[in-house]
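Just below is one structure, and these are the notes that go with it.
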Amino acid sequence: MTSKERAALRGQANKLEPLFQVGKGGISDALIKQTDDALTARELIKLKVLLESAPEKPKEIANKLAQATNSDVVGVIGGSMIFYRYNPELHKKDKKKK
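The structure is reproduced here in structure tokens:
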């Protein structure tokens, strides 16, 4: 992913609300499954890390989640993490409309 693509995705993520929060439990199987499902449905998602109670730093959590869900970390800003994973199924609908 190029820096321009990453910047464009960060801009799109500005208006997104965080879907999930990562707290003192850290990364669990349930969180990985929810994140994977959300990426399949939306491609671009934002998660929030509760900085006071999370067992690791947001960048570490983001990298582990990205690896577990086979996605890209678009950015980590403070306690917000942005993930992207291309889904060809979502783009098939756009091609059919044209």
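All residue numbers for the sequence shown refer to the working numbering, where the first residue is 35 and numbers rise by one.
Using N, Cα and C, we set each Cβ at its ideal position, and we do this for glycine too.
What you are looking at is a predicted structure, and each value in this text was computed from that prediction instead of being measured.
Limits of the alpha helix (DSSP H) - the one that residue i falls within
{"i": "glycine 45", "result": "37–47"}
{"i": "asparagine 97", "result": "92–103"}
Bounding residues of the beta strand (DSSP E) (the contiguous stretch that carries residue i)
{"i": "proline 79", "result": "The amino acid occupying residue 79 in the given sequence is isoleucine; proline does not appear at that position. Note, isoleucine 79: beta strand (DSSP E), 78–83."}
{"i": "isoleucine 61", "result": "Counting along the chain, isoleucine 61 falls outside any beta strand (DSSP E), and DSSP gives it neither H nor E."}
Selected residue, minimal CA-CA separation from residue i, among the options
{"i": "proline 89", "options": "Gly45, Leu50, Phe117 and Ser62", "result": "Ser62"}
{"i": "glutamate 77", "options": "Val108, Gly60, Glu94 and Val83", "result": "Val108"}
{"i": "alanine 102", "options": "Glu86, Lys80, Gly113 and Lys67", "result": "Lys67"}
{"i": "asparagine 133", "options": "Arg40, Glu51 and Asp70", "result": "Past the edges of the chain, shown from 35 to 132, lies residue 133, and the structure says nothing about it."}
{"i": "serine 87", "options": "Leu65, Gly59 and Ala64", "result": "Gly59"}
Outcome for residue i when other beta-carbon atoms lying within 10 angstroms are tallied against a minimum of 16
{"i": "isoleucine 124", "result": "First, the amino acid is wrong: residue 124 is leucine here, not isoleucine. It is exposed - the Cβ of leucine 124 has fewer than 16 other Cβ atoms within 10 Å."}
{"i": "serine 105", "result": "buried"}
{"i": "leucine 73", "result": "buried"}
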